[in-house]
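Right, one structure below, let's go through it.
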Amino acid sequence: MTHVKAGGVKLKPEKGLNLPDTALGLSPLTAKDEGDLAAVIGNADMLGYSFVSRPEDLDLLEKALGAHPPRVEKLGLVAKIEQPEAVRNLPALIARAHTLGRPFGVMIARGDLAAEIGFERVAEMQEEILWLCEAASVPTVWATQVLEDLVKDGLPSRGEMTDAAMAARAECVMLNKGPAVAEAVTLLDTLLARMDEHIFKKTPTLRALKSW
Ligand SMILES: Nc1ncnc2c1ncn2[C@@H]1O[C@H](COP(=O)(O)OP(=O)(O)O)[C@@H](O)[C@H]1O
Ligand SMILES: C=C(OP(=O)(O)O)C(=O)O
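Here the sequence shown is numbered in UniProt numbering, starting from 1 and rising by one per residue.
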């Protein structure tokens, strides 16, 4: 441990650990995930795939889904982009996803992404993900800590209002759970409607892409 808030913090149980400089060689599809697939297929409209980083990861999931015939074409797939490798491989991931014949989207999973690439690089990588996805007509989800102070404590910070408004550049926004999540939905609705009149997506400078 090299850095901690003044006064210290308690590590909560079952928290994940990120080891950004280590190739863990973990599969993004665990035995538990495979066991849960039947319930997902039976109940959900889409499936969020955490720590997907290579096109082969998509094949792995597709194969596991194939074990539950008939094929559910309509089950959407959302690739949660949370590692530098996933940003680097995003064009290949999108190309492979387009062969699968199911709705496909990308989540900018800023929680793990920040832990993996460093907080100071998140905005930059977020841009890169938005550019690539716009070019490929892949819908994006602006996720993690959106209006977090409002959702948790009932009052938004100034900074998070701007972040939430900028979410208009994605096709979808994810809110995390909390007591004031209903207020956040109402506020987001207003904010995004205002931004709709204001901007259309983004104006990329199309600099050379380099995720890491
Ligand atoms: N580099 C990695 N770091 C952490 N988890 C990984 C990694 N690669 C694959 N995984 C898999 O992803 C799972 C974590 O998924 P999950 O907890 O759903 O993540 P999220 O934070 O996106 O919700 C782990 O069970 C693990 O098997
Ligand atoms: C969306 C994310 O994952 P989780 O589902 O763990 O919040 C994230 O890491 O930002």
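All C-beta atoms in this analysis are idealised placements derived from N, C-alpha and C, irrespective of residue type, glycine included.
Rounded C-beta distance between residue i and residue j? I'm assuming under 8 Å.
i    : j    : result
A143 : R110 : 6 Å
What number of angstroms, rounded off, separates the C-alpha of residue i from the C-alpha of residue j?
i    : j    : result
R194 : W131 : 22 Å
F51  : I81  : 7 Å
C172 : G7   : 37 Å
P13  : G159 : 30 Å
P91  : P139 : 14 Å
Would you kindly report the start and end of the unbroken alpha helix (DSSP H) that includes residue i?
i    : result
A182 : V181 to D196
K63  : P55 to G66
M125 : V122 to A135
V87  : P84 to R88
G159 : R158 to M166
L150 : E148 to D153
Measure the Cβ-Cβ separation of residue i and residue j and say whether it is below 9 Å.
i    : j    : result
Y49  : L58  : yes
G76  : D45  : yes
L61  : L11  : no
R54  : L93  : yes
H98  : A64  : no
E56  : G101 : no
T178 : D112 : Reading the sequence as shown, one finds Gly at residue 178 and not Thr. No, they are not a contact pair.
Would a check of beta-carbon distances place residue i closer than 9 Å to chain C?
i    : result
M125 : The structure shown contains no chain C; it is built from a single protein chain.
For residue i, which beta-bridge partners are listed by DSSP?
i    : result
T140 : V106
I47  : The residue you asked about is not Ile; residue 47 is Leu in the sequence shown. L47 is bridged to L77.
V173 : W142
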